[in-house]
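Mapping to numbering that gives the first Met the number 0: the sequence shown position 162 is 161, numbers consecutive.
Think of the CB as a built atom: it goes at the ideal place given N, C-alpha and C, for glycine as much as any other residue.
Report on the structure given below.
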Amino acid sequence: MLPIPAEELNGSGTLGPYWTFYRAVAAEQLNRWLPAQPSVILDLSGGRGRWSGQAARAGHRVIEVLDFRRTVDGQSRLRDADRVRHVRADDLAFLPDESVDAVLAEERVMSIELMAESAMNDVARVLKPGGRALVCVDSLVLGMAILAEQGQWQHLRQTGEVMLVPWPDGSITRCFSSTQLRELLQGAGLEIEWMRPRTVLSPSTVDHVLGSDARALNYLVRTELEAHPDDDDTVGIHLVASARKK
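What follows is the structure, encoded as structure tokens:
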């Protein structure tokens, strides 16, 4: 799979069909991952309401930590007010030990959080024994693509080290290999259940199939989720992992 140009990563470029597919895959991954029984879920995914809303509609109670740097959609807040509690905080000190059943760390939050080890230790602290975390991070494939676009060739061989990549908007993203993501999770005392690229189907393949038949979206999503590219960090812009507290 070829890396996606950086200007496409916010979904505002020309790859509309691919992002429709990507969002459908992510939603179905979450559906399959959510606990079978009503649970308390901590959502660290940035205060946009998408993930917490999906969990709430599945019958769970959600604590959504809002990012101080972003505003929250008032309609989203009102719609999920009965099952989603919004908290503005820059750490998890407000939560006692072993107080939540599951943690969502979507939207690349552990890549944006440069002190990811400390943040993941906090995630492990608040998880109940047997609780699970779903984590999405930027991959080395993405980091190398961005560096190549910037002409930073001297950094492309440093894949064994922590890769911090500057974006055009001035932000910094931390990109992970599968080994580094494994170390992050295991270092916090979590057992990895599975790890994979979010998508392995290429944007060109998705665009071709959906361009021929828009009804093929469900087929593409099933095909993606039935693939088993475990630990393969040579494809995909994002890595996704599920881990359980011992």
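Cβ shell of LEU163 (< 6 Å), same chain only, five flanking positions each side left out:
Only residues of its own chain outside the window of five on either side were considered, and among them ILE171, ARG173 have a CB closer than 6 Å to the CB of LEU163, listed in chain order.
As assigned by DSSP and simplified to three states, the class of ALA132
strand
In three-state terms, what does DSSP make of GLU105?
coil
Between the segment 49-59 and the segment 112-120, do at least 3 Cβ pairs fall closer than 8 Å?
Contact between the segment 49-59 and the segment 112-120 is absent, because fewer than three Cβ pairs lie under 8 Å.
Could you check where the beta strand (DSSP E) with MET194 kicks off and where it finishes?
189-196
Can you have a look at THR233 and say buried or exposed, based on whether 16 or more other CB atoms are within 10 angstroms of its CB?
exposed
Using the C-alpha atoms, what's the distance from ILE236 back to ALA213?
24 Å
Considering just the uninterrupted stretch of the alpha helix (DSSP H) at MET143, what are its terminal residues?
Here the alpha helix (DSSP H) through MET143 covers 139-148.
Between ARG181 and ASP137, which are expected to be in contact by the criterion C-beta below 8 Å, what is the C-beta distance as a whole number of angstroms?
15 Å between Cβ atoms; not a contact.
Suppose you measure from the CA of ARG84 to the CA of GLN36; what does that come to, to the nearest Å?
19 Å
What does DSSP give as the partner residues of GLY242 in its beta bridges?
In the sequence under discussion, the amino acid at residue 242 is Ala, which differs from the Gly named in the question. For ALA242, the pairing in a beta bridge is given by DSSP as ALA132, ILE191.
Can you list, in chain order, the residues of its chain whose CB lies under 8 Å from that of LEU113, leaving out five sequence neighbours each side?
If the five residues before and after LEU113 are omitted, its C-beta is found closer than 8 Å to the C-beta atoms of LEU163, ILE171, ARG173, all from its own chain and listed in chain order.
DSSP has ASP42 in a bridge; who is on the other side?
GLU63, LEU103
According to DSSP, is HIS227 part of a helix, a strand, or is it coil?
coil
Comparing alpha-carbon positions, which option in GLY15, GLY45, GLN28, TYR17 lies nearest LEU224?
Checking every option, the nearest Cα to that of LEU224 belongs to GLN28.
Would ARG103 and LEU133 be called neighbours here (beta carbons separated by less than 8 Å)?
Looking at the sequence provided, one finds Leu at residue 103 rather than Arg. Against a cut-off of 8 Å, the Cβ pair of LEU133 and LEU103 comes out as a contact.
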